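Residue numbers (my numbering), protein chains in the order written: chain U, 3 to 185; chain Z, 3 to 185; chain B, 3 to 185. In what follows, a single structure is set out as structure tokens and then discussed.
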Amino acid sequence: MKANYGRTLLQKVREKYWKEEHRRNHWRRYVMSADTRLKELGLELPSAAAPVGNYVPAVRSGNLVFLSGHGPVGKDRVVTGKLGVDLTVEEGYEAAKIVAIGLLGSLKDLIGDLDKVRRIVKLLGMVNCDPAFMEQPGVIDGASDLLVEVFGEKGKHARSAVGMNALPFNIAVEIEMIVEVED
Amino acid sequence: MKANYGRTLLQKVREKYWKEEHRRNHWRRYVMSADTRLKELGLELPSAAAPVGNYVPAVRSGNLVFLSGHGPVGKDRVVTGKLGVDLTVEEGYEAAKIVAIGLLGSLKDLIGDLDKVRRIVKLLGMVNCDPAFMEQPGVIDGASDLLVEVFGEKGKHARSAVGMNALPFNIAVEIEMIVEVED
Amino acid sequence: MKANYGRTLLQKVREKYWKEEHRRNHWRRYVMSADTRLKELGLELPSAAAPVGNYVPAVRSGNLVFLSGHGPVGKDRVVTGKLGVDLTVEEGYEAAKIVAIGLLGSLKDLIGDLDKVRRIVKLLGMVNCDPAFMEQPGVIDGASDLLVEVFGEKGKHARSAVGMNALPFNIAVEIEMIVEVED
Chain U
3 MKANYGRTLL QKVREKYWKE EHRRNHWRRY VMSADTRLKE LGLELPSAAA
53 PVGNYVPAVR SGNLVFLSGH GPVGKDRVVT GKLGVDLTVE EGYEAAKIVA
103 IGLLGSLKDL IGDLDKVRRI VKLLGMVNCD PAFMEQPGVI DGASDLLVEV
153 FGEKGKHARS AVGMNALPFN IAVEIEMIVE VED
Chain Z
3 MKANYGRTLL QKVREKYWKE EHRRNHWRRY VMSADTRLKE LGLELPSAAA
53 PVGNYVPAVR SGNLVFLSGH GPVGKDRVVT GKLGVDLTVE EGYEAAKIVA
103 IGLLGSLKDL IGDLDKVRRI VKLLGMVNCD PAFMEQPGVI DGASDLLVEV
153 FGEKGKHARS AVGMNALPFN IAVEIEMIVE VED
Chain B
3 MKANYGRTLL QKVREKYWKE EHRRNHWRRY VMSADTRLKE LGLELPSAAA
53 PVGNYVPAVR SGNLVFLSGH GPVGKDRVVT GKLGVDLTVE EGYEAAKIVA
103 IGLLGSLKDL IGDLDKVRRI VKLLGMVNCD PAFMEQPGVI DGASDLLVEV
153 FGEKGKHARS AVGMNALPFN IAVEIEMIVE VED
């Protein structure tokens, strides 16, 4: 679906660079643990957030872990606002990345060790936005890219990226996740 | 996330009462059947609603039961309207409770006996609301609280509570649920 | 929930015809392969669409396949627009049918043979619409009807049909699906 025409030279150079970077990093994703990879990316996982209500951050059933919808709750701030009105796609991308870090924090809290992850199975990525906003995939990529960065092939998931008219506390993004883990 | 400052004496008293009530009831949730608990709560389950379309109220796959999105269809009325415009959070809470009762009715229709429930795994709680509405968790709590009332620890689930711009027939809340059941 | 009053003679005749047609076709769904049935319906499956982002069209975990949200991407066009503003329910129904065909294409790509389908488990049907639109079930029926046409009883699924304020690229409908497949 990505056509080649219309790309600027800059885009082409960036792409080439990314591909080389990708090739170089490829083998490392298979030998490094997820925790090492997270450290290398300079990311620190939070503990599971205390849910606001009578529920829990994650439930395991058989080999599947179902994670609650998480918001972009960082160390010192929460990203709020609607895409297409208050936030740019880039800001939304960063918010989705924060969500993914929070999801991994809750997952680690439940299973103890992220190397027990067999596969990131599915994301439902919900973007708080204006009715005219159409770039939900570009926002949720912030989470998808991080998961692939951390888990490599095992991080490649099924996904929906959709627009919501409202989210709790006006958070910018909410994502729920299903993960397959080892016995 | 709940801070202690700013609580009125009344709130503190209520909380203390609730905790004692909770402790007193705790063991009973483990010895009582879900059906007995429902009766004690004065709740009667409806039969599975006839779906409006070419689908079914619930499908079992392995030990998981996936339930269709249910609306707040009570004995003699359907709760319609948008939160933040037509309904208060309290009315939304009651609507979500009605949805949970309907979900349990459909679940019982499929598995025969609610004591076969091993774990309420996940809810996706969708609130019909105004774009400025932010209290989706307070609405979906109506369902979460009931499930924990009925099933105790086994009722604690993962959850998303989000805002929708529109729902079928303008129902106030729609919830879908995943449940783990015995072999 | 469908009342009898208000039906025109034409509707009654159509219904009777449909029921007879249904009875006549009933046994055939059990002896025919899904692929034969698709051919008979004059439908051709596309290959899995290249996802726009760092994710995949479908992931299998155990006997469940989780499919990404798919849009109404037909051979030569994409159905865009909001229900209740730009599109009629009939146009939405057709869009949902195109989505279902795309989902089956991605499923076949992953599992090789649609006769390995044991059960269509669940759809989350998301309709891009105006806040006043209430006929999401009539739209998502386009997907549900096709799945039951192709798989018969095995095609009967749990489902949610809900309204979204915005979808990627302004597509009219997005549907994600869970399917149980053979070992």
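Positions of the beta carbon are idealized from the N, C-alpha and C atoms, including for glycine. Since the structure is predicted, the reported quantities are computational estimates derived from the model, not experimental observations.
In the DSSP assignment, find the alpha helix (DSSP H) that holds residue i and state where it starts and stops.
i: B/E137; result: Looking at the DSSP string, B/E137 is not in any alpha helix (DSSP H), and its letter there is neither H nor E.
i: Z/S49; result: Counting along the chain, Z/S49 falls outside any alpha helix (DSSP H), and DSSP gives it neither H nor E.
i: Z/A36; result: A36 to E42
Taking residue i as the query, report the chain B residues whose CB atoms sit under 8 Å from its CB, ordered along the chain.
i: U/V39; result: The amino acid at residue 39 of chain U is misidentified as Val; the sequence shows Arg. Per Cβ cutoff of 8 Å: no residues; U/R39 is ~16 Å from chain B at best.
Mind listing the chain B neighbours of residue i? Cutoff is C-beta to C-beta under 7 Å, in chain order.
i: Z/E137; result: Here the premise fails: no neighbours, minimum Cβ distance about 18 Å.
Can you pull the chain Z neighbours of residue i, defined as C-beta to C-beta under 7 Å?
i: U/N56; result: D143, S146, D147 and V150
i: B/P133; result: N167 and A168
Hey, is residue i close to the ligand GDP, as in C-beta under 8 Å from one of its heavy atoms?
i: U/M128; result: No copy of the ligand GDP occurs in the structure displayed, which carries no ligand at all.
Over the uninterrupted beta strand (DSSP E) stretch that includes residue i, give me the two end residues.
i: Z/F171; result: Neither: Z/F171 is in no beta strand (DSSP E) and is coded neither H nor E.
i: Z/K124; result: V119 to N130
i: Z/G71; result: L66 to H72
i: U/V58; result: Element bounds for U/V58: n/a, residue is neither H nor E.
So which residues on chain U does residue i lean against when the C-beta distance must stay under 8 Å?
i: Z/A160; result: Y57, V58, P59, A60, V61, F68, L69, S70 and E178
i: Z/E92; result: By Cβ distance, chain U contributes nothing, its closest Cβ being about 15 Å from Z/E92, past 8 Å.
Below 7 Å on C-beta distance, what does residue i contact in chain U?
i: Z/V123; result: V61, S63 and F68
i: B/M128; result: V164
How would you list, in chain order, the residues of chain Z whose beta-carbon sits under 9 Å from the beta-carbon of residue i?
i: B/E182; result: V61, S63 and G64
Which whole-angstrom value describes the C-beta separation of residue i and residue j, a residue pair presumed to lie in contact below a C-beta threshold of 8 Å?
i: U/P139; j: B/P59; result: About 13 Å; that fails the 8 Å criterion.
i: U/F68; j: Z/I180; result: 7 Å
i: Z/N130; j: B/D147; result: Going by Cβ atoms, the distance from Z/N130 to B/D147 rounds to 25 Å, so no, they are not a contact pair.
i: B/I113; j: B/A145; result: The pair is not a contact, with the Cβ atoms about 19 Å apart (cut-off 8 Å).
i: U/A36; j: U/D88; result: With a Cβ gap of about 33 Å, U/A36 and U/D88 do not count as contacting.
i: B/A50; j: B/D115; result: So it is not a contact: roughly 15 Å between Cβ atoms.
i: B/S70; j: U/A160; result: 4 Å
i: Z/G165; j: U/A168; result: 3 Å
i: Z/V91; j: Z/E137; result: 5 Å
i: U/R39; j: U/V183; result: Contact doesn't hold; Cβ gap of about 17 Å is too wide.
Please confirm if residue i has its CB atom under 9 Å from at least one CB of chain D.
i: Z/K84; result: As a matter of chain content, chain D is missing from the structure shown, whose protein chains are U, Z and B.
| Quick check: the stretch 110-129 of chain U against the stretch 60-78 of chain B, are there 3 or more CB pairs under 8 Å? | yes
| the stretch 153-168 of chain Z touching the stretch 41-49 of chain Z, judged by at least three CB pairs closer than 8 Å | no
| query | Which runs of the alpha helix (DSSP H) spanning at least 4 residues fall entirely within the stretch 75-115 of chain U, listed in chain order? | reply | 91-113
| Are the stretch 93-100 of chain U and the stretch 72-82 of chain U in contact at 8 Å, needing three or more beta carbon pairs? | yes
| Three or more C-beta pairs closer than 8 Å, one from the stretch 160-175 of chain Z and one from the stretch 83-95 of chain Z: is that the case here? | yes
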